[in-house]
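Asker: Structure incoming, see below.
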Amino acid sequence: MRNLDKYKGVIPAFYACYDKEGNIDPEGVRALTKYFIEKGVKGVYVNGSSGECIYLSVEERKIVLENVMEAAEGKLTVIAHVACNNTKDSQELAAHAQKLGVDAIACIPPIYFHLPEYAIAQYWNDISSAAPDTDFIIYNIPQLAGVSLTQSLFAEMRKNPRVIGVKNSSMPVQDIQLFKQAGGEDYIIFNGPDEQFISGRVIGAGGGIGGTYGVMPELFLKMDELVRAGEMEEACRLQYAADEIIYKMCSTHGNMYAVIKEILRINDGLELGGVRRPLASLIPEDMKIVEEAARMIRDAKEAFVH
Numbered sequence: 020m021r022n023l024d025k026y027k028g029v030i031p032a033f034y035a036c037y038d039k040e041g042n043i044d045p046e047g048v049r050a051l052t053k054y055f056i057e058k059g060v061k062g063v064y065v066n067g068s069s070g071e072c073i074y075l076s077v078e079e080r081k082i083v084l085e086n087v088m089e090a091a092e093g094k095l096t097v098i099a100h101v102a103c104n105n106t107k108d109s110q111e112l113a114a115h116a117q118k119l120g121v122d123a124i125a126c127i128p129p130i131y132f133h134l135p136e137y138a139i140a141q142y143w144n145d146i147s148s149a150a151p152d153t154d155f156i157i158y159n160i161p162q163l164a165g166v167s168l169t170q171s172l173f174a175e176m177r178k179n180p181r182v183i184g185v186k187n188s189s190m191p192v193q194d195i196q197l198f199k200q201a202g203g204e205d206y207i208i209f210n211g212p213d214e215q216f217i218s219g220r221v222i223g224a225g226g227g228i229g230g231t232y233g234v235m236p237e238l239f240l241k242m243d244e245l246v247r248a249g250e251m252e253e254a255c256r257l258q259y260a261a262d263e264i265i266y267k268m269c270s271t272h273g274n275m276y277a278v279i280k281e282i283l284r285i286n287d288g289l290e291l292g293g294v295r296r297p298l299a300s301l302i303p304e305d306m307k308i309v310e311e312a313a314r315m316i317r318d319a320k321e322a323f324v325h
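The sequence shown stops at residue 325 when you use our numbering, and every number in between is there.
Laid out in structure tokens, this is it:
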């Protein structure tokens, strides 16, 4: 049986960090990495959806990961999302990630063209072959990728010994149970949708990877602690509080990640820039909502984290 303990817990999705000209800011990347170490999270998920990966070049994604690894100093589990919309670039990122010593690579399926399952499996296996000494995690996010991880495709991928689990961001919590039952204890299933963190954990997820964890890590770490202790009533109250914050952050003209980065500036003094077009930037009218969400996070930490 594999030792999957290094993947169990709260793993924030890493945010893209830009300078004032909109370029990747290595200093910001290192500062955000150190922030996560200080908060005590299990690890980070780099260059995924929250990292605006589809808007970054291959070279930019390399720069991000290089600076994360340098700043992490082995103190975080690092999962690098390496999927691009073609196999060649994805393999280049996979080989680069292995060379840097990441714990695992992860991949969404190819988007736009609707490929048959055997072609998706080939794509994933080709990428995995470029990092033959590195764990591989399937990223299931059908609402954005347009492709669902089926039980038959998961069964095919389990023939690859490097496949260790699934980052499941589909909305039905039942999917976590189905993947867990299919894979058993040799595979780890991550809860993806932040709004159902405790639901996913209870039904079988060994940990969570989420895009809003980073702006309020204390709340998700506390949720995880409460779930492990079986204190489900308090965990539910905290999940509701976190969900209200998420809904608030999603109510602006600007993209949610622009909101998150501004909250991190307000609450934690981090300068991470905005978001890359075509994602929408904040407008002046958003600031009242941003400040309210920042206050909600401070209030929730005071109420729940002791």
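Beta carbons: idealized from backbone N, C-alpha and C, even for Gly.
Everything numeric in this text was worked out from a predicted model, so none of it was measured.
Around the C-beta of Ala248, are 16 or more other C-beta atoms found within 10 angstroms, so that it is buried, or is it exposed?
Answerer: Exposed: under 16 other Cβ atoms inside 10 Å.
Asker: Note down, in chain order, each residue of its chain lying with its Cβ closer than 6 Å to the Cβ of Asp305, except the 5 sequence neighbours on either side.
Answerer: Closer than 6 Å at Cβ, skipping near neighbours: Thr271, His272, Gly273.
Asker: With a 10 Å radius around its C-beta and 16 neighbouring C-beta atoms as the bar for buried, classify Cys36 as buried or exposed.
Answerer: Label assigned to Cys36: buried.
Asker: Within this structure, are the beta carbons of Leu257 and Met235 separated by less than 7 Å?
Answerer: Not a contact, by the Cβ cut-off of 7 Å.
Asker: Note down, one range per segment and in chain order, each alpha helix (DSSP H) of at least 4 residues found wholly within the stretch 149 to 206.
Answerer: Correct list: 161 to 164, 170 to 176, 193 to 202.
Asker: Starting from the Cα of Asp318, find the closest Cα among Gly223, Leu238, Phe132 and give me that residue.
Answerer: Closest by alpha carbon: Leu238.
Asker: Given this structure, state the Cα-to-Cα distance separating Glu252 from Gln193, to the nearest angstrom.
Answerer: Approximately 21 Å, taken between the alpha carbons.
Asker: Could you check the C-alpha separation between His325 and Ala138 for me, to the nearest Å?
Answerer: Between His325 and Ala138, the C-alpha separation is close to 50 Å.
Asker: Between the alpha carbons of Thr231 and Gly67, how many angstroms are there, rounded?
Answerer: Taking the straight line from one Cα to the other gives about 13 Å.
Asker: Which value, in whole angstroms, describes the spacing of the CA atoms of Gly292 and Glu78?
Answerer: So the two alpha carbons sit approximately 19 Å from each other.
Asker: Gly226 bridges to which residues according to DSSP?
Answerer: Phe209, per the DSSP bridge assignment.
Asker: Mind reading off the beta-carbon distance from Ile217 to Asn187? Whole number of angstroms is fine, and I expect it under 8 Å.
Answerer: No, Ile217 and Asn187 are not in contact; Cβ-Cβ is about 15 Å, not under 8 Å.
Asker: I'd like the list of long-range same chain contacts for Ala50, defined as Cβ closer than 7 Å, with 5 residues on each side in sequence excluded.
Answerer: The residues are Leu289.
Asker: Please report the residue range of the beta strand (DSSP E) in which Ile73 lies.
Answerer: Careful: Ile73 lies outside any beta strand (DSSP E) and carries neither H nor E.
Asker: Output the boundary residues of the alpha helix (DSSP H) element that contains Thr271.
Answerer: Where Thr271 is concerned, there is no enclosing alpha helix (DSSP H), given that its DSSP letter is neither H nor E.
Asker: DSSP three-state call for Tyr64: helix, strand or coil?
Answerer: Three-state result, Tyr64: strand.
Asker: Inspect the beta-carbon positions of Asn179 and Ser147 and report whether they are closer than 7 Å.
Answerer: Yes, these two residues count as a Cβ contact at 7 Å.
Asker: Under the assumption that Tyr276 contacts Val294 (Cβ atoms under 8 Å), give the Cβ distance between them as a whole number of angstroms.
Answerer: Tyr276 to Val294, Cβ: 5 Å. Contact.
Asker: What residue range does the beta strand (DSSP E) around Ala319 cover?
Answerer: Segment 306 to 323 is the alpha helix (DSSP H) holding Ala319; no beta strand (DSSP E) there.
Asker: Is the stretch 96 to 112 in contact with the stretch 165 to 183, if contact means three or more CB pairs nearer than 8 Å?
Answerer: In short, these stretches do not touch, since the Cβ pair count stays below three.
Asker: Which whole runs of the alpha helix (DSSP H) in the stretch 103 to 146 are 4 residues long or more, in chain order?
Answerer: As far as the stretch 103 to 146 is concerned, its whole alpha helix (DSSP H) runs of at least 4 residues are 106 to 119.
Asker: Compare the Cα-Cα distances from Arg177 to each of Ala140, Gly233, Lys320, Val87 and report the closest residue.
Answerer: Of the candidates Ala140, Gly233, Lys320, Val87, the one whose C-alpha sits nearest the C-alpha of Arg177 is Ala140.
Asker: Is the beta carbon of Thr96 sitting closer than 7 Å to the one on Lys25?
Answerer: Contact flag set, yes.
Asker: Counting along the chain, where does the alpha helix (DSSP H) carrying Thr52 start and finish?
Answerer: That run of the alpha helix (DSSP H) goes 45 to 58.
Asker: Nearest to Cys255 by alpha carbon, out of Ile302, Phe323, Ile56?
Answerer: Looking at the Cα atoms, Phe323 is the closest of the given residues.
Asker: Please state if the CB of Val101 and the CB of Ile124 are separated by a distance shorter than 7 Å.
Answerer: Yes, the pair counts as a contact, with Cβ atoms nearer than the cut-off.
Asker: Just the Cα atoms here: how many angstroms apart are Gln110 and Ile43?
Answerer: Their backbone Cα atoms lie some 22 Å apart in a straight line.
Asker: Report the option in Lys94, Ile228, Tyr131, Gly28 whose CA atom is closest to the CA atom of Thr52.
Answerer: Considering only alpha carbons, the answer is Lys94.
Asker: For Glu281, I'd like the list of residues in its chain whose CB is within less than 6 Å of its CB, leaving aside the five on either flank, ordered along the chain.
Answerer: Once the five neighbours on either side are set aside, the close Cβ partners of Glu281 are Val309.
Asker: Measure the C-alpha to C-alpha separation of Lys118 and Lys307 and round it to an integer number of angstroms.
Answerer: Answer to the nearest angstrom: the Cα atoms are 44 Å apart.
Asker: Can you look up Val294 in the DSSP assignment and give me helix, strand or coil?
Answerer: It is coil, neither helix nor strand.
Asker: Between the Cα of Val60 and the Cα atoms of Ser300, Gly41, Lys27, which residue gives the shortest distance?
Answerer: For the residues Ser300, Gly41, Lys27, the minimum Cα distance to Val60 belongs to Lys27.
Asker: What are the boundary residues of the alpha helix (DSSP H) that Ala248 is part of?
Answerer: That run of the alpha helix (DSSP H) goes 236 to 248.
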